[in-house]
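There are 2 protein chains.
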Amino acid sequence: MELSSPFPLETVAIEKQTLHDQVANRIRDLIIEGHLAPGTRIDETTLVEQLGVSRTPFREALRTLAAEGLVIIRPSKGSVVRKLTAQDVFSMLELLSHLEKLAGQLVCERASDADIDGLLKLHEDMLKRYREGDRLPYYKLNQEFHSRVSELAGNESLREVQANIQARLKRIRFLGNSKPDYWASAVAEHEQMAAALKKRDGEALGRVMAQHLMNTWDRVKDNL
Amino acid sequence: MELSSPFPLETVAIEKQTLHDQVANRIRDLIIEGHLAPGTRIDETTLVEQLGVSRTPFREALRTLAAEGLVIIRPSKGSVVRKLTAQDVFSMLELLSHLEKLAGQLVCERASDADIDGLLKLHEDMLKRYREGDRLPYYKLNQEFHSRVSELAGNESLREVQANIQARLKRIRFLGNSKPDYWASAVAEHEQMAAALKKRDGEALGRVMAQHLMNTWDRVKDNL
DNA sequence: ATTCCTTATTTTGTATACAAAATATACTAT
DNA sequence: ATAGTATATTTTGTATACAAAATAAGGAAT
Numbered sequence: 198m199e200l201s202s203p204f205p206l207e208t209v210a211i212e213k214q215t216l217h218d219q220v221a222n223r224i225r226d227l228i229i230e231g232h233l234a235p236g237t238r239i240d241e242t243t244l245v246e247q248l249g250v251s252r253t254p255f256r257e258a259l260r261t262l263a264a265e266g267l268v269i270i271r272p273s274k275g276s277v278v279r280k281l282t283a284q285d286v287f288s289m290l291e292l293l294s295h296l297e298k299l300a301g302q303l304v305c306e307r308a309s310d311a312d313i314d315g316l317l318k319l320h321e322d323m324l325k326r327y328r329e330g331d332r333l334p335y336y337k338l339n340q341e342f343h344s345r346v347s348e349l350a351g352n353e354s355l356r357e358v359q360a361n362i363q364a365r366l367k368r369i370r371f372l373g374n375s376k377p378d379y380w381a382s383a384v385a386e387h388e389q390m391a392a393a394l395k396k397r398d399g400e401a402l403g404r405v406m407a408q409h410l411m412n413t414w415d416r417v418k419d420n421l
Numbered sequence: 198m199e200l201s202s203p204f205p206l207e208t209v210a211i212e213k214q215t216l217h218d219q220v221a222n223r224i225r226d227l228i229i230e231g232h233l234a235p236g237t238r239i240d241e242t243t244l245v246e247q248l249g250v251s252r253t254p255f256r257e258a259l260r261t262l263a264a265e266g267l268v269i270i271r272p273s274k275g276s277v278v279r280k281l282t283a284q285d286v287f288s289m290l291e292l293l294s295h296l297e298k299l300a301g302q303l304v305c306e307r308a309s310d311a312d313i314d315g316l317l318k319l320h321e322d323m324l325k326r327y328r329e330g331d332r333l334p335y336y337k338l339n340q341e342f343h344s345r346v347s348e349l350a351g352n353e354s355l356r357e358v359q360a361n362i363q364a365r366l367k368r369i370r371f372l373g374n375s376k377p378d379y380w381a382s383a384v385a386e387h388e389q390m391a392a393a394l395k396k397r398d399g400e401a402l403g404r405v406m407a408q409h410l411m412n413t414w415d416r417v418k419d420n421l
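Heads up: the sequence lines are chains A and B, in that order. Under our numbering, think of the first position of the first sequence as 198, with each following residue one higher. Under our numbering, think of the first position of the second sequence as 198, with each following residue one higher.
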């Protein structure tokens, strides 16, 4: 007898973590969380020792991170954590601005009511964190909000690209919310997003999200 | 005495090709040119032998291609050439449509007159190839045209993402121009682009380019 | 015949070993 | 001292070797 599962099998399957995947994830976190500062040379010997793995999976992991744009591999001269220039950051934000504009429009067309509610719920959580001044939790919810909008836009390629750029900018944007008035204006923009979401006004949502990202540039540019 | 070079040094430096880079390039070409068909399992043993390299650089190359989205690595189960579903292709074209729309707008704002002339020259070459029925040279010029528009948009991130998606779609799009009337309509759209470029009308160019990509979907969807 | 289990064989993952660069160090000549 | 050069050391790149999975093959039991 044939079972008809409500979920596609891929979704359920436990994905096996190979060593190089784990290493890639680990180093990615080290970079994003600032433990490996931009410009730092990645010392294979010591890092390999600290992680307790051999060079093979380590180097494979580096190749992945290089393709993601987090590290630069200079042949025969070792790898360094990629240092973003102001121009790099601007170009990423400019692009992200347009990507999230698109995502905002598509979400309003394609997401289910339940999904929209989920986003609004997330927004409420963010507000709460803001009122209580919890910067880190707010920041994480914020990332989650933007990721989820891209996810619910129903375009996998868009989601991938958004995720990649967001990851690259993670550190820098965290620094951006340091000043209270910057934070306040970011929250105000999120209020507008929530309002547009409620009305499923894709044009408005897209506009606000794009603006939000371009404002982010103003909020972070002095930290470069 | 200080020399002031008109070119940044990085541009001049000869970049050393490591083995894994060469391997990555080679396999990438094999995939894009269809010698390794989508869904094909990538047999390390034989491929390594054919290329005359050891497994180490080969596997590093695979990780790069995986990050680029050309192959899928299934832990402990080998790698396969990524097979694009209709949905994958649609999502890429939808995204590319918006990216090139943006690129078109930016080119009109940011490119120099000489650069615009270069693009128009490229367009003329394409027309010539079209009149003479040279499909492959036309196709290559076409890729070059789209790449260069993204390049001249002056946003490095945009350029990278556009290049990546274009590479992934390369095979499929080549198939798309097979029917003569499809080709004709693509050329007509390119005529509009040239006209908009001449006037530096970013809005028009963006609109045409976006439309061009969405029409591409209609031209390729039956080959999936 | 079909299912299940056991044992080979192949394939993949990781560690180590060796080769080739690059960098650092020490020395010489000016 | 300084520049230059030769040698030693470290670091990176590649190949090979070994371990661990996964797949295939071959029966035995139902």
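Ideal Cβ placement from N, Cα and C applies to all residues, glycine included.
Buried or exposed (CB count within 10 angstroms, at least 16 for buried), glutamine 284(B): On the second sequence, position 87 is the one that residue 284(B) refers to. Taking a 10 Å sphere around the C-beta of glutamine 284(B), we find fewer than 16 other C-beta atoms and assign the residue as exposed.
query: Name the residues in the region 340–356 of chain B whose C-beta lies less than 7 Å from a C-beta of chain A; which are they?
result: So the close ones are Asn352, Glu353, Ser354 and Leu355.
task: Jot down the residue ranges of each uninterrupted alpha helix (DSSP H) in the region 262–295 of chain A, minimum 4 residues, whole runs only, in chain order.
output: Secondary structure remark: continuous alpha helix (DSSP H) runs of at least 4 residues inside the region 262–295 of chain A: none found.
message: Given a cut-off of 8 Å on the beta-carbon distance, is the pair serine 273(A) and leucine 292(B) in contact?
response: Along the first sequence, one-based indexing puts residue 273(A) at 76. Along the second sequence, one-based indexing puts residue 292(B) at 95. No, the Cβ-Cβ distance between serine 273(A) and leucine 292(B) is not below 8 Å.
field: Segment contact flag, the region 251–271 of chain B with the region 302–320 of chain A, C-beta cutoff 8 Å, min 3 pairs
entry: Touching, no, given that fewer than three Cβ pairs across the two stretches are closer than 8 Å.
task: Spell out the partners DSSP gives arginine 238(B) in its beta bridges.
output: Working through the second sequence from its first residue, we reach residue 238(B) at position 41. According to DSSP, arginine 238(B) bridges with Val277(B).
- prompt: Taking 8 Å as the CB-CB cut-off, is proline 377(A) touching chain B?
  reply: Taking the first residue of the first sequence as position 1, residue 377(A) is located at position 180. Chain B contact via Cβ: absent.
Residues of its chain near tyrosine 425(B), where Cβ-Cβ distance is below 7 Å and the 5 sequence neighbours each way are ignored: Since the first and last residues shown for chain B are 198 and 421, residue 425(B) lies out of range.
Residues of the region 272–291 of chain B with Cβ closer than 8 Å to any Cβ of chain A, in chain order: Listed in sequence order: Pro272, Ser273, Gln284, Asp285, Ser288, Met289 and Glu291.
message: For threonine 282(B) and leucine 421(B), I'd like the C-alpha separation in whole angstroms.
response: Position 85 of the second sequence holds residue 282(B). Position 224 of the second sequence holds residue 421(B). When rounded, the distance between both Cα atoms is 7 Å.
query: With a Cβ-Cβ cutoff of 8 Å, do valine 417(B) and isoleucine 362(B) count as a contact?
result: Numbered from 1 along the second sequence, position 220 holds the residue referred to as residue 417(B). Numbered from 1 along the second sequence, position 165 holds the residue referred to as residue 362(B). For the 8 Å CB-CB criterion, valine 417(B) and isoleucine 362(B) do not form a contact.
Cβ-based neighbour list, valine 138(B), same chain, cut-off 8 Å, excluding 5 preceding and 5 following: No information on residue 138(B) is available, as it lies outside the stretch 198 to 421 that chain B covers here.
query: How is alanine 350(B) classed by DSSP in three states: helix, strand or coil?
result: The residue you call residue 350(B) lines up with position 153 of the second sequence. Note: alanine 350(B) maps to coil in three-state DSSP.
message: I'd like to know whether the C-beta atoms of valine 358(B) and leucine 296(B) end up nearer to each other than 8 Å.
response: Stepping through the second sequence from its first residue, residue 358(B) is reached at position 161. Stepping through the second sequence from its first residue, residue 296(B) is reached at position 99. A contact, by the Cβ cut-off of 8 Å.
query: Thinking just about the alpha-carbon of each residue, which of Asp312(A), Glu329(A) and Gln389(A) is nearest to the one in glycine 351(A)?
result: As a position in the first sequence, residue 351(A) is number 154, starting the count at 1. Nearest of Asp312(A), Glu329(A) and Gln389(A) to glycine 351(A), Cα basis: Asp312(A).
message: Does valine 250(A) come out as helix, strand or coil in the three-state DSSP assignment?
response: Here residue 250(A) corresponds to residue number 53 of the first sequence, with the count starting at 1. Coil at valine 250(A), not helix or strand.
- request: Give the secondary structure of alanine 392(B) by DSSP, where H, G and I count as helix, E and B as strand, and everything else as coil.
  value: Taking the first residue of the second sequence as position 1, residue 392(B) is located at position 195. Alanine 392(B) falls in the helix class under three-state DSSP.
message: Check whether chain B comes within 8 Å of alanine 407(A), counting only Cβ atoms and requiring the distance to be less than that.
response: Residue numbering aside, residue 407(A) sits at position 210 when the first sequence is read from its first letter. Chain B, which has no Cβ nearer than 8 Å to the Cβ of alanine 407(A), makes this no.
message: Just verifying my parser: in three-state terms, what is the DSSP assignment at glutamate 207(A)?
response: Within the first sequence, numbered from 1, the residue matching residue 207(A) stands at position 10. Low local confidence applies: a pLDDT of 38 at glutamate 207(A) is under 50, so the model's placement there is unreliable, with the coordinate-based value given in what follows. Assigned with DSSP and collapsed to three states, glutamate 207(A) falls in helix.
- request: Starting from arginine 256(B), find everything on chain A with Cβ-Cβ shorter than 7 Å and list it in chain order.
  value: Along the second sequence, read from residue 1 onward, the residue named residue 256(B) stands at position 59. Neighbours of arginine 256(B) on chain A, chain order: Glu257.
query: Buried or exposed: which applies to alanine 288(B), given that a residue is buried once 16 or more other Cβ atoms fall within 10 Å of its Cβ?
result: For this step, residue 288(B) is matched to residue 91 along the second sequence. First, the residue type needs correcting, since residue 288(B) is serine and not alanine in the sequence shown. Its Cβ being crowded by 16 or more others within 10 Å, serine 288(B) is buried.
- prompt: Looking at the structure shown, is histidine 320(A) part of a helix, part of a strand, or coil, going by DSSP?
  reply: Numbered from 1 along the first sequence, position 123 holds the residue referred to as residue 320(A). Histidine 320(A) falls in the helix class under three-state DSSP.
Expected contact under 8 Å - CB spacing of glutamate 388(B) and glutamine 408(B) to nearest Å: Looking up residue 388(B) in the second sequence gives position 191. Looking up residue 408(B) in the second sequence gives position 211. The C-beta distance from glutamate 388(B) to glutamine 408(B) rounds to 13 Å, too long to meet the 8 Å contact threshold.
- prompt: Does arginine 368(B) come within less than 8 Å of chain A when only Cβ atoms are used?
  reply: Along the second sequence, read from residue 1 onward, the residue named residue 368(B) stands at position 171. Output row for arginine 368(B): interface = no.
Residue environment, alanine 264(B), which counts as buried when at least 16 other CB atoms sit within 10 Å: Working through the second sequence from its first residue, we reach residue 264(B) at position 67. Label assigned to alanine 264(B): buried.
query: Taking 8 Å as the CB-CB limit, is leucine 402(A) close to chain B?
result: For this step, residue 402(A) is matched to residue 205 along the first sequence. The beta carbon of leucine 402(A) sits no closer than 8 Å to any beta carbon of chain B.
message: Quick check: is the beta carbon of isoleucine 362(B) nearer than 8 Å to any beta carbon in chain A?
response: Here residue 362(B) is taken as the residue at index 165 of the second sequence, counted from 1. At a cut-off of 8 Å between beta-carbon atoms, isoleucine 362(B) makes contact with chain A.
message: Rounded to the nearest angstrom, what separates alanine 221(A) and threonine 261(B) at their Cα positions?
response: In the first sequence, residue 221(A) corresponds to position 24, counting from 1. In the second sequence, residue 261(B) corresponds to position 64, counting from 1. Counting only the Cα atoms, threonine 261(B) lies some 12 Å from alanine 221(A).
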